[in-house]
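Enquirer:
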Amino acid sequence: MKLLVKGGTLPEYGRADMLVEDGVISRIEGNIECEGAQVVDAEGLYVMPGMVDLHCHLRDPGQEYKEDIVSGTRAAAAGGFTSVCCMANTTPVNDNAVVTSFIINKAKAEGSGVHVYPVGAVSKGLKGENMAEIGDMAKAGAVAISDDGKPVMNALLMRLAMEYGSAFGMTVFDHCEDSNLVNKGVMNEGYNSTLLGLRGTTRAAEEVQIARDIVLSETLNLPIHICHVSTKGGVELIRQAKKRGVKITAETAPHYLVGTDDLCASYDANTKVNPPMRLASDQEALIAGLCDGTIDAIATDHAPHHRDEKEVEYNMALSGISGFETAFALCVETLVHGHHMTMEDFVKVACTNPARIIKKNCGQLKPGMDADFILADPNEEWCIDARKFLSKGKNTPFHGRLVHGRVKETYVGGARIYKD
Ligand code: DOR
Ligand code: ZN
Ligand code: ZN
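Sequential numbering from 24 applies to the sequence shown in the numbering used here.
#1: Report buried or exposed for Asn-452, applying the criterion of at least 16 other Cβ atoms within 10 angstroms of its Cβ.
#2: When DSSP builds the beta bridges, which residues end up paired with Glu-52?
#3: By how many angstroms is the C-alpha of Val-137 removed from the C-alpha of Val-70?
#4: Using a threshold of 6 Å, is the CB atom of His-198 nearer than that to any non-hydrogen atom of ligand 2?
#5: Compare the beta carbon distance of Val-209 and Arg-226 with 7 Å and say whether it is the shorter of the two.
#6: Taking only the alpha-carbon atoms, compute the straight-line gap between Ala-409 and Ala-100 and give it to the nearest angstrom.
#7: What is the DSSP secondary structure of Ala-409, counted as helix, strand or coil?
#8: Excluding the five sequence neighbours on either side, which residues of its own chain have a C-beta within less than 7 Å of the C-beta of Thr-123, listed in chain order?
#9: Is there a Cβ from chain C that is less than 7 Å from the Cβ of Gly-428?
#10: Threshold first: 3 residues or longer. Then list the beta strand (DSSP E) segments lying entirely within the stretch 257-285, N to C.
#11: May I ask you to verify whether the stretch 334-348 touches the stretch 293-310, counting CB pairs closer than 8 Å and requiring at least 3?
#12: Ser-414: beta carbon under 6 Å from a heavy atom of ligand 1?
#13: Assuming Ala-438 is part of the alpha helix (DSSP H), what are its boundary residues?
#14: Is Pro-327 closer than 7 Å to Lys-131 when the C-beta atoms are compared?
#15: Along the chain, where does the beta strand (DSSP E) that runs through Arg-429 open and close?
#16: Considering only C-alpha positions, which residue in the set Gln-306, Tyr-337, Thr-113 is nearest to Ser-216?
#17: Mapping DSSP to helix, strand and coil, what is Leu-27?
#18: Taking the continuous beta strand (DSSP E) assigned at Pro-72, which residues delimit it?
#19: For Thr-283 versus Ala-303, is the C-beta distance shorter than 7 Å?
#20: So is the beta-carbon of Met-300 under 6 Å away from any non-hydrogen atom of ligand 3?
#21: Tell me where the alpha helix (DSSP H) around Gln-306 begins and ends.
#22: Hey, would you say Ser-146 sits closer than 7 Å to Asp-171, going by beta carbons?
#23: Could you say if the stretch 416-436 and the stretch 392-400 meet the contact criterion of at least three C-beta pairs nearer than 8 Å?
#24: Kindly provide the ranges of any beta strand (DSSP E) runs that are 3 or more residues long and lie completely inside the stretch 66-152, ordered along the chain.
#25: Identify which residue in Ala-276, Asp-331, Asn-211, Lys-270 has its Cα closest to the Cα of Leu-313.
#26: Would you say Val-231 and Asp-197 are within 7 Å of each other, going by their C-beta atoms?
#27: Quick one, what's near ligand 3 if you take every residue whose CB is closer than 7 Å to any heavy atom, in chain order?
#28: Is Cys-406 buried or exposed, if buried means 16 or more other CB atoms sit within 10 Å of its CB?
#29: Give the range of the beta strand (DSSP E) segment to which Gln-61 is assigned.
#30: Ser-202: beta carbon under 6 Å from a heavy atom of ligand 1?
#31: Alpha carbon to alpha carbon, how far is Pro-174 from Ala-352? Give it in angstroms, no decimals.
#32: Ligand 1 and Ser-342: does any heavy atom of the ligand fall closer than 6 Å to the residue's C-beta?
#33: Would you mind working out which of Met-176, Asp-236, His-251, Val-252 sits nearest Leu-245, comparing C-alpha positions?
#34: Within 10 Å of its beta-carbon, does Asn-376 have 16 or more other beta-carbons around it, so buried, or fewer, so exposed?
#35: Pull up the distance between the alpha-carbon of Gly-316 and that of Gly-59, whole angstroms please.
#36: Let me know if Lys-415 comes out buried or exposed under the rule of 16 or more other beta-carbons within 10 Å of its beta-carbon.
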């Protein structure tokens with residue numbers, strides 16, 4: 024099977040043709056002619072690696088009313104993702120090889136074609152007490168371990184997880200929030216929370232945990248990955264740690280680049296997310312962190328919820344944003360059209376770096392790489408309409424927003440799995 028992608032613009036190569044043979048990229052050159060190949064017309068489009076999402080919630084098994092592996096992977100494909108890592112806070116929790124295998128098998132049998140890489144739990148039942156079956160999950164195909172949704176408050180447990188995880192080639196992805204400091208907060212603590220009469224969460228809750236993780240990583244000389252960094256202070260802690268050679272990587276999410284706690288003034292629970300959206304000064308620091316390599320990756324933290332869990336008063340609503348289908352546009356709009364980075368730089372944080380963190384042969388367009396790629400129009404104008412999401416989760420604070428940048432087609436292993 025040969026596929027010839029003609030006339031697109033590629034990162035590093037510029038305008039070029041790309042030949043795919045048996046699911047792998049075989050050639051990228053200015054002009055390729057190939058008898059018998061199926062031709063894909065990419066004229067006027069940007070051809071880039073499929074995005075690799077280090078952090079999402081597919082809700083399967085057990086919470087299929089929010090999302091399942093079929094709807095979730097279809098939404099991921101529509102969003103331009105070709106690989107997604109799904110967190111362990113399912114029902115039952117993915118804390119053993121049976122659940123890990125179930126997710127992988129269901130994705131292969133019924134998913135859209137997007138690669139699904141489960142993240143196993145750190146602790147049994149996400150209870151923060153005893154370690155989960157880390158080695159078994161690694162053998163079954165888990166790519167990392169995390170209690171995401173909850174922090175690992177016990178530093179000894181965290182140490183053990185880092186040691187066991189690394190013995191099996193897996194990094195701990197930590198949801199950094201000190202639950203005592205969170206103290207039932209529902210939005211960022213500051214001027215807006217006071218004005219709105221909503222209970223705030225101090226940024227220190229996040230930064231205290233990041234600092235602890237840095238100390239553990241540095242002392243033990245083991246890798247750590249920080250999930251959804253949302254504060255300026257968090258970025259600075261990671262920047263300084265990287266300068267000292269600490270084996271730390273980090274992600275942030277599109278909603279932290281685009282939204283601030285001003286959005287909460289609507290009392291719309293679609294703005295409720297954990298950690299919460301912060302201030303413009305935090306957005307600037309996160310963007311600077313992405314530009315200078317402090318923040319390695321953009322991850323969606325796609326967290327679909329049922330409308331009944333969102334259409335309630337702010338304090339009662341569950342946290343999370345349905346993120347797959349807005350990520351590309353929100354990032355391109357902010358980072359590229361906002362003149363902070365080029366499309367090539369964006370490819371590094373959306374594709375290349377996350378693929379490196381989970382050690383997969385994707386995230387770059389070059390001969391020998393898996394042909395996981397997308398065709399996108401970075402300039403196409405469209406209006407975000409949550410009702411049109413393929414995800415079951417319609418919970419986005421960005422409904423109605425005019426954006427630029429649209430995913431047109433998605434390919435995995437050279438096979439088209441989505442077309443706009
Ligand atoms: O907003 C969030 N939603 N943050 C998390 O850490 C968990 C996630 C979820 O699972 O809904
Ligand atoms: Zn989290
Ligand atoms: Zn999450």
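A virtual CB, placed ideally from N, CA and C, is assigned to each residue, including glycine.
Expert: With the given structure in hand:
#1: Since the first and last residues shown for the chain are 24 and 443, residue 452 lies out of range.
#2: According to DSSP, which records beta bridges pairwise, Glu-52 is partnered with Asp-40.
#3: Roughly 17 Å separates the two Cα atoms.
#4: Shortest gap from the CB of His-198 to any heavy atom of ligand 2: under 6 Å.
#5: Cβ atoms of Val-209 and Arg-226: not closer than 7 Å.
#6: Between Ala-409 and Ala-100, the C-alpha separation is close to 16 Å.
#7: Helix at Ala-409.
#8: Scanning its chain for C-beta atoms nearer than 7 Å, with the 5 sequence neighbours on each side dropped, one finds around Thr-123 the residues Asn-117, Pro-141, Gly-143, Met-160, Ala-163, Gly-164, Ala-165, in chain order.
#9: No chain C appears in the structure shown, which is made up of a single protein chain.
#10: Counting only runs of 3 or more, we get 271-275.
#11: Under the Cβ criterion (8 Å, minimum of three pairs), the stretch 334-348 counts as touching the stretch 293-310.
#12: No, since every heavy atom of ligand 1 falls outside the 6 Å radius drawn around the Cβ of Ser-414.
#13: Counting along the chain, Ala-438 falls outside any alpha helix (DSSP H), though it belongs to the beta strand (DSSP E) covering 438-442.
#14: Not in contact: Lys-131 and Pro-327 (Cβ atoms no closer than 7 Å).
#15: From DSSP, the beta strand (DSSP E) with Arg-429 extends over 425-435.
#16: Nearest C-alpha to Ser-216 among Gln-306, Tyr-337, Thr-113: Tyr-337.
#17: For Leu-27, the three-state secondary structure derived from DSSP is strand.
#18: Counting along the chain, the unbroken beta strand (DSSP E) around Pro-72 starts and ends at 69-72.
#19: Yes, Cβ-Cβ distance for Thr-283 and Ala-303 is below 7 Å.
#20: No.
#21: Its alpha helix (DSSP H) spans residues 303-315.
#22: At the C-beta level, Ser-146 and Asp-171 stay beyond 7 Å of one another.
#23: Three or more Cβ pairs drawn from the stretch 416-436 and the stretch 392-400 lie within less than 8 Å of each other, which places the two stretches in contact.
#24: If we require 3 residues or more, the beta strand (DSSP E) runs fully inside the stretch 66-152 come out as 69-72, 74-79, 104-109, 138-143.
#25: Residue Ala-276 is the option with its Cα nearest to Leu-313.
#26: Contact: no.
#27: Matched residues: His-78, His-80, Met-110, Asp-171, Gly-172, His-198, Cys-250, His-251, Asp-324, Ala-326.
#28: With fewer than 16 neighbouring CB atoms inside 10 Å of its own CB, Cys-406 falls in the exposed class.
#29: DSSP places Gln-61 in the uninterrupted beta strand (DSSP E) bounded by 61-64.
#30: Not under cutoff, so the answer is no.
#31: Going from the Cα of Ala-352 to the Cα of Pro-174 covers about 30 Å.
#32: The beta carbon of Ser-342 sits closer than 6 Å to at least one heavy atom of ligand 1.
#33: For Leu-245, the nearest C-alpha among the options comes from Asp-236.
#34: Asn-376 comes out buried.
#35: Cα to Cα, Gly-316 sits roughly 43 Å from Gly-59.
#36: Classification for Lys-415: buried.
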